[in-house]
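Protein sequence lines correspond, in order, to chains D and L.
So for the first sequence, the numbering used here puts the first residue at 301; every next one is plus one.
So for the second sequence, the numbering used here puts the first residue at 301; every next one is plus one.
Even for Gly, the Cβ is constructed at its ideal location relative to N, Cα and C.
What follows is a single structure, written as C-alpha cells, with notes after it.
Protein chains: 2
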Amino acid sequence: MAFKQEQEVHNQMKSTLPVNCCTPLAGARMSNEEAHSLAALFKSLSDLHRVRIVNLLATSSDPVCVCDLTAALGLGQPTVSHHLKKLMAGGLIEREQRGTWAYYSLRDDALEKLAGLVGTTRKVSA
Amino acid sequence: MAFKQEQEVHNQMKSTLPVNCCTPLAGARMSNEEAHSLAALFKSLSDLHRVRIVNLLATSSDPVCVCDLTAALGLGQPTVSHHLKKLMAGGLIEREQRGTWAYYSLRDDALEKLAGLVGTTRKVSA
DNA sequence: CTCTTGTATTGACATCCATCGATTAATGTG
DNA sequence: CACATTAATCGATGGATGTCAATACAAGAG
Chain D
301 MAFKQEQEVH NQMKSTLPVN CCTPLAGARM SNEEAHSLAA LFKSLSDLHR VRIVNLLATS
361 SDPVCVCDLT AALGLGQPTV SHHLKKLMAG GLIEREQRGT WAYYSLRDDA LEKLAGLVGT
421 TRKVSA
Chain L
301 MAFKQEQEVH NQMKSTLPVN CCTPLAGARM SNEEAHSLAA LFKSLSDLHR VRIVNLLATS
361 SDPVCVCDLT AALGLGQPTV SHHLKKLMAG GLIEREQRGT WAYYSLRDDA LEKLAGLVGT
421 TRKVSA
C-alpha cells in the first residue's frame with residue numbers, strides 16, 4: 301500500500317510534522333514558527349534513549365517491537381512507549397500493528413530530511 | 301591564524317565537544333556514551349531561541365554581538381548569555397572579544413558536521 | 001465470554017530547564 | 001583612581017520532562 305504512510309501519522313497532517321517544518325538552518329532567515337518547529341524536531345532527539353532508539357531502528361533491517369526495545373534499553377515499558385510517542389510526534393518513526401505487538405521502524409525519508417534541514421547550502425563561509 | 305579554532309573552546313578539548321561525538325546516527329550501533337553526546341548536541345538545538353540564534357549567525361556574514369541578539373530575540377541579556385553558553389558547550393559557535401563587546405559566530409564546520417552525524421548517504425532530496 | 005499477553009495511558013514525583021532580577025566580572029574612558 | 005558600559009554569573013521560580021507503578025486498552029487464545 302503506497303498511501304499508507306499518509307495515514308500512519310493518524311491525527312497529525314504530514315505537513316505539520318516537525319520533520320517537514322521549514323527551510324534549512326543555514327538558509328534564509330527563519331520565522332518564529334519555523335524555528336519553533338525545528339527546535340521541536342531537535343527536542344525529539346534530545347534524549348539519550350531516543351537517540352538509541354533511532355540508531356537501533358536505523359541499523360535494523362526489519363521493524364522492531366516494543367518488547368525488544370525495553371530489553372535493549374533497560375527501561376520500563378511505559379517509558380519506552382513515552383519515548384516512541386515523542387519520536388512519532390516528530391515524524392521520525394512509524395508504527396505497525398502485528399497482532400498484539402507493535403512494531404516500529406524509521407521513516408525512510410526521516411534522516412534525509414533531517415540532514416537537509418541542517419546542511420544543504422554548504423555555505424563555505426566567507 | 302589557522303590554529304585559532306583549536307583554542308577557541310578554552311576549557312574543553314575539541315574532541316570532547318558533542319559536535320565531534322560519534323559515528324553517524326544511521327551508521328553502526330552506538331555506545332551509550334556516543335548516544336549521550338549526540339543527544340546533548342541535539343539538546344543544544346532543542347530551544348526556539350537557540351535555533352534562531354544559529355539561524356541568525358548562519359545568515360550573517362559577520363560575527364554578531366550579544367546586544368544585537370537581545371534586540372533580535374526580545375529576551376533579557378542574562379537569558380541570551382545562557383543560550384550562547386549552551387551553544388558553546390555544544391561546539392556549534394565561537395566567541396570573540398572586541399573591547400567591551402562579545403561577538404559570536406557560527407563555527408564554519410559546525411553545520412557540516414551536524415549534517416554528517418545525521419545523514420551519511422547525502423542524498424540531495426528525492 | 002474469560003483469560004492472557006503486549007502496549008498505551010494516567011498520576012505522581014523528582015529532576016531539569018528557561019527566564020528574569022540582582023550582582024559580579026571585564027574592558028575602556030576620563 | 002572613579003565611573004560607565006557590556007557581558008557573565010548567581011539565586012529564585014514556574015513550567016516542562018523522564019521515570020515508574022498502577023491501570024486501561026487492544027488483540028488474540030481457549
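Checklist entry - Can you name the residues that DSSP bridges to L:Ser405? => result As computed with DSSP, L:Ser405 is found in a beta bridge with L:Glu394.
Relative to the alpha-carbon of L:Gly391, which residue among L:Thr379, L:Gly374, L:Leu406, L:Arg398 has its alpha-carbon at the smallest distance?
L:Leu406
For this session: Please state whether DSSP places D:Cys365 in a helix, a strand or coil.
Result: strand
Note to self: Is the separation between the beta-carbon of D:Val319 and that of D:Lys413 shorter than 7 angstroms?
What the structure shows: Result yes, Cβ atoms of D:Val319 and D:Lys413 sit closer than 7 angstroms.
ask   = Taking just the CA atoms, how far does L:Met388 sit from L:Tyr403?
value = 12 angstroms
Exercise. For L:Leu338, which residues of its own chain have a beta-carbon under 8 angstroms away from its beta-carbon, when the five flanking residues on both sides are left out?
Worked result: Correct list, in chain order: Pro318, Cys321, Cys322, Leu325, Met330, Leu417.
With a threshold of 7 angstroms between beta-carbons, can D:Asn320 be considered close to chain L, or not? no
Check your understanding: Under the three-state reduction of DSSP, which class applies to D:Ser360: helix, strand or coil?
Key -> Coil at D:Ser360, not helix or strand.
Worksheet item: Residues of chain D with a CB under 8 angstroms from the CB of L:Thr359: which are they?
Response: Per Cβ cutoff of 8 angstroms: Ala326, Gly327, Ala328, Arg329.
- Message: So the candidates are D:Glu333, D:Arg352, D:Ser361; which of them puts its Cα closest to the Cα of L:Val351?
- Response: D:Glu333
Would L:Gly419 pass as a contact of D:Leu411 if the rule is Cβ separation under 7 angstroms?
-> Contact check for L:Gly419 against D:Leu411 passes: the beta carbons are separated by less than 7 angstroms.
Would you report the Cα separation of L:Gln305 and L:Pro363, rounded to the nearest angstrom?
Confidence at L:Gln305 is low in this model, with a pLDDT of 37, below 50, so its placement is unreliable and no value can be given for it.
Taking the alpha carbon of L:Asp409 as the reference point, which residue from L:Arg398, L:Thr316, L:Leu373, L:Ile393 has its own alpha carbon closest?
Of L:Arg398, L:Thr316, L:Leu373, L:Ile393, the residue nearest in Cα terms is L:Ile393.
Report yes if the C-beta distance between D:Leu348 and L:His336 is below 7 angstroms; otherwise report no.
yes
Where L:Ala371 falls, given that 16 or more other Cβ within 10 Å makes a residue buried:
Sixteen is the threshold: since fewer than 16 other Cβ atoms of the shown chains lie within 10 Å of the Cβ of L:Ala371, the residue is exposed.
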